[in-house]
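Presented below is the structure to which this report refers.
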Amino acid sequence: MYNLIQFELVKIFRKPRTYISFLVVFLIIIAFFFGMYYEGEKLISFVTQNLEANFQLEGKIINVYLLSYLLMNILWIHIPILICLVTGDLIAGEASKGTLRLIMTRPYSRFQIYLSKYIAGFIYTIMLILFMFLLSFGLGALLFGEGDLIVIRKLINIFSSDDVIWRFAYAYGFGILSMLVVASLSFMISSFTKNAIGPIVGTIAILIGLNVITALGMSLLSPIAPYLFNVHFAKWQYFFDFDIEWNKLYQAIIVQLVYIFLFFFIGFYNFNKKDIHT
Amino acid sequence: MLELQNINKNFGDFSAVEGLSLKVNKGDVYGFLGPNGAGKSTTLRMILGLIKPTSGEIFFKGNKIDGKSKSYLKDIGSLIERAEMYESISAQDNLRLLGKLSNVPNLNSKVDDLLKEVGLFDRRKSKVKTFSQGMKQRLGIAQAVLHEPNLLILDEPSNGLDPQGQIDMRNLIMKINKERDITIIISSHILSEIELMANRMIILSNGKKVVEGEVQSLLTENDMKVKLKISSVLNLESLCNKLNSSIVSIEKVDELYEVELQMTFQAIPDLIAAFNANGINVFQVNPIRSLEEYYIKATSNV
Amino acid sequence: MKQLLIFILIFSSSITLAQSSADDILKNLQKKLTSTGKYEVNINIKIDVKFIKIKNRTGKMYFYPPDSIRFKIDGFAFLPKKGFNSQLTSLTSQNVTALSMGIEKINGISCEVIKVIPLDINSEIVLAQIWVDKTKNRMMKMTTITKSQGSSSTDFEYALQNKYDLPSKMTISFEIKNQKLPSSFTGDFDQIDETLIPETDKGSIIVSYSNFIFK
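Quick mapping for you: the protein sequence lines, in order, are chains A, B and C.
In terms of numbering that gives the first Met the number 0, the first sequence has 109 at position 110, counting the first letter as 1, and numbering is strictly consecutive.
In terms of numbering that gives the first Met the number 0, the second sequence has 250 at position 251, counting the first letter as 1, and numbering is strictly consecutive.
In terms of numbering that gives the first Met the number 0, the third sequence has 153 at position 154, counting the first letter as 1, and numbering is strictly consecutive.
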């Protein structure tokens, strides 16, 4: 099994498109930091001008923590695309290229083959997120230094710099879980299609569609909203409250884990019974 | 080595393979013949577990293949249709990765030896995407035998190759069969290939077995052409008619006549006796039976 | 007629007297606050606004006469826009009319209520009112109405003895508009309790002073 996972990882990391994903993350972060370095004050002022009516604001608002927090909002749209670019290709891509039969005529069960691809896809996803974490924090600290974190959501929360790292750790952990849902979804679709475009387009279409539906029809969908996986993607922000809503977070974690397993088993059921004609 | 018993495969209402039974003995080079859509690839894929039979049983080395355990595949190597390898990886790394999956001992040296054997050692570091189709097919053979299987399944191995490539492929397969003592199942459209390589064969048509047996004995049964060198063609036609054979062509070569007759293999002794009795001396008898003719006849009757 | 004239004379005199009395109170207060010279003091800042969550901040405040303040705070902080010196200085540095409005009690202390009206129509401060403990020459409370920042009210406490009798606590109260972002921007689709985040709300900064070091 270890050999299989290693085999899958080698295939993933020998493909140019894998490095495109890391490159895109790198470019997004660089562009964002560049913009904030030169225009950050202006951008932040629309938030602070109201407060400046009554207060004198003292301290560095634009620092590594604020920028890393803002970058995490990329988890919304950009990272899912980069994830399913690779995970959507794991079965369908090999099927279309004809290399799927290479591995399936080896003495490994379909479950072992499916699981090893799944795990390899997960490892890639985690590595991409960790790369984003390291780059945003490393470069951010170098360019912008530390400071307190100001987070504007329902309330304006200001966290001391010594009260921030653990929040980011939890938030990234939660974000990784959400992205594993995306990876699972695209992987499941990959087991149904014969080319890699289907899983990529299908996953993005589902994510965007669900986001639009939940944004527009929030009141109508409120009974079922907690059971849709997309509504939980942004809940990493809950770690940036003084009173963390742990119950909602536990619910979000459970729902997302259920979807990961559900997608896994649906995909495997199809993969196990399908005839390989390519 | 391998036995299929009453294998059926349906895709919806379409019956791709119907009631197929066959036997492959150890050491055979077993030919799979049949027109497009006959069920050859489907049958081979069922043996390899890529497609699940609708009903029937497959036995490998006496053990039933139940579809759950794939451990039997460690003794089978395969090259299905066009050889597809991982194009962004070098030939050497492709084999090393696949060999690691099969726990091949002394992997690195085995890979290098194999690459030499298939004539790709000089290109071992090149990415597969730079290879010609012939090179890819040879690499495909290499990955199929890397783990020293007992059975090698080749589905259209010469597909897409030029005539020289086909010859090279044929020679490589025969070399593997002899030197490695591997049983080979080979499916091909190139009939001469089967005729030259296979000792046993099966012909499929519309998913059903038409005939199975030793290649040479199949070719020599029923109607065939016979070329004879005889001294005279006097009364030739009436003699042939009596023995239910017909004259295809007559050609005078020096003092003798080269005659081609359509007749059964079994009638040859009677024909010679009849010629002798009528004063016609027979200097040479050559039964001519091409697989192509046999194949077209066999499949057209189904 | 004669009685009316006498009445008008007495009334005008009393107004003039009251006005000069209010001016004196203001001047005395200003004199006390400007006599401190340079000083530094430890501060603790608490923000009491419903939609702002921030832990108390500690640091130092440095005062440089006549009204310059510098802060040294650990981390990010919301600070009062002006210190107590500056608030009074901005009133007394321009032409104003000060009127005594009588006596009111603040925390049980009788205070002279002085209304201050800047005469300059371009003045940022439109109107101010100060409650002064005359006996100790302490400003107990001040409310101001400004053109750009609306109204605010500042309460002073004097629990700490120090050389110049400066306040130990200053509580500035004001109205503030909420800064919430819509859920479609933050991606937070959970139902939000709207009572938590009103459009505008009252808020306050509470600055506690300790350990004055006068230079």
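Glycine included, each C-beta is placed from N, C-alpha and C at the ideal position.
Here the structure is a predicted model, which is why all the values come from computation and not from measurement.
Just checking: is the beta-carbon of residue i within a distance shorter than 7 angstroms of some beta-carbon in chain C?
i             : result
residue 170/A : no
residue 154/A : yes
Under the three-state reduction of DSSP, which class applies to residue i: helix, strand or coil?
i             : result
residue 128/C : strand
residue 307/B : Absent from the model: residue 307/B. The displayed extent of chain B is 0 to 301, so no value can be given.
residue 186/C : Bear in mind that the predicted position of residue 186/C carries a pLDDT of just 49, short of 50, making it too unreliable to give a figure here.
residue 191/C : The predicted model places residue 191/C with a pLDDT of 47, which falls under 50 and marks its position as unreliable, so this point remains unresolved.
residue 27/B  : coil
residue 141/B : helix
residue 98/B  : helix
residue 76/C  : strand
residue 164/B : helix
residue 321/B : A query on residue 321/B cannot be resolved here, the shown segment of chain B reaching from 0 to 301 and no further.
residue 23/C  : helix
Would residue i pass as an interface residue toward chain A - the criterion being a Cβ-Cβ separation below 7 angstroms?
i             : result
residue 127/C : no
residue 278/C : The question about residue 278/C has no answer, for chain C in this structure spans 0 to 214.
residue 113/C : no
residue 62/C  : no
residue 68/C  : no
residue 270/B : no
residue 93/C  : no
residue 69/B  : yes
residue 125/B : no
residue 148/C : yes
Taking residue i as the reference, which of the options has the closest Cα?
i             : options                    : result
residue 204/A : 79/A, 244/A, 152/A         : 79/A
residue 77/C  : 243/A, 50/A, 15/A, 235/A   : 50/A
residue 160/B : 131/B, 184/B, 174/B, 148/B : 131/B
residue 163/C : 152/C, 125/C, 135/C        : 135/C
residue 32/B  : 232/B, 205/B, 240/B, 271/B : 205/B
residue 141/B : 86/B, 270/B, 251/B, 112/B  : 112/B
residue 199/A : 168/A, 214/A, 212/A, 183/A : 183/A
residue 130/C : 93/C, 3/C, 24/C            : 24/C
residue 123/C : 95/C, 100/C, 104/C, 111/C  : 95/C
residue 58/C  : 214/C, 209/C, 213/C        : 209/C
residue 230/B : 243/B, 103/B, 249/B        : 249/B
residue 21/A  : 165/A, 135/A, 139/A        : 135/A
residue 72/C  : 9/A, 147/A, 23/A           : 147/A
residue 232/B : 71/B, 258/B, 208/B, 242/B  : 258/B
residue 266/B : 275/B, 243/B, 283/B, 280/B : 243/B
Going along chain B, which residues have a C-beta under 9 angstroms from residue i?
i           : result
residue 6/A : 96, 97, 99, 100
On the DSSP bridge list, what partners appear for residue i?
i             : result
residue 16/B  : 8/B
residue 62/C  : 38/C, 68/C
residue 169/C : 155/C, 206/C
residue 251/B : 256/B
residue 96/C  : 116/C
residue 203/B : 208/B
Determine the chain B residues that contact residue i at a beta-carbon separation under 8 angstroms, and present them in chain order.
i             : result
residue 116/A : Residues of chain B passing the Cβ test: none, with the nearest at roughly 13 angstroms.
residue 3/A   : 100
How would you list, in chain order, the residues of chain A whose beta-carbon sits under 9 angstroms from the beta-carbon of residue i?
i             : result
residue 77/C  : 50, 53, 54, 55, 56, 57, 157
residue 29/B  : Within chain A, no residue comes near residue 29/B; the closest Cβ sits about 18 angstroms away, beyond 9 angstroms.
residue 244/B : The contacting residues do not exist; residue 244/B stays about 47 angstroms from chain A at best.
residue 140/B : What residue 140/B touches in chain A: nothing, since even the nearest Cβ is about 13 angstroms away.
Going along chain A, which residues have a C-beta under 7 angstroms from residue i?
i             : result
residue 176/C : 49
residue 79/B  : 100
residue 59/C  : Here the premise fails: no neighbours, minimum Cβ distance about 12 angstroms.
residue 54/C  : 159
residue 347/B : Residue 347/B cannot be examined here, being either before or after the span of chain B that is shown, 0 to 301.
Answer with yes or no whether the minimum CB distance from residue i to chain B is below 7 angstroms.
i             : result
residue 194/A : no
residue 88/A  : no
residue 274/A : yes
residue 189/A : no
residue 107/A : yes
residue 17/A  : no
Under 8 angstroms Cβ-Cβ, which residues of chain C neighbour residue i?
i             : result
residue 146/A : 74, 75
residue 310/A : Any answer about residue 310/A is impossible in this case: the structure gives chain A only from 0 up to 277.
Along chain B, in chain order, which residues have C-beta atoms closer than 7 angstroms to that of residue i?
i            : result
residue 97/A : 81, 83
residue 9/A  : 96
Below 6 angstroms, is the gap between the Cβ of residue i and the nearest heavy atom of the ligand NAD?
i             : result
residue 135/C : With respect to the ligand NAD, the structure shown offers nothing to examine, as it has no ligands at all.
Find the residues of chain C that neighbour residue i, judging by a C-beta separation of less than 7 angstroms, and give them in chain order.
i             : result
residue 149/A : 75
Item to check | chain F contacts made by the segment 235-261 of chain A, where a contact means CB separation under 9 angstroms | outcome: Chain labels in this structure do not include chain F; the protein chains are A, B and C.
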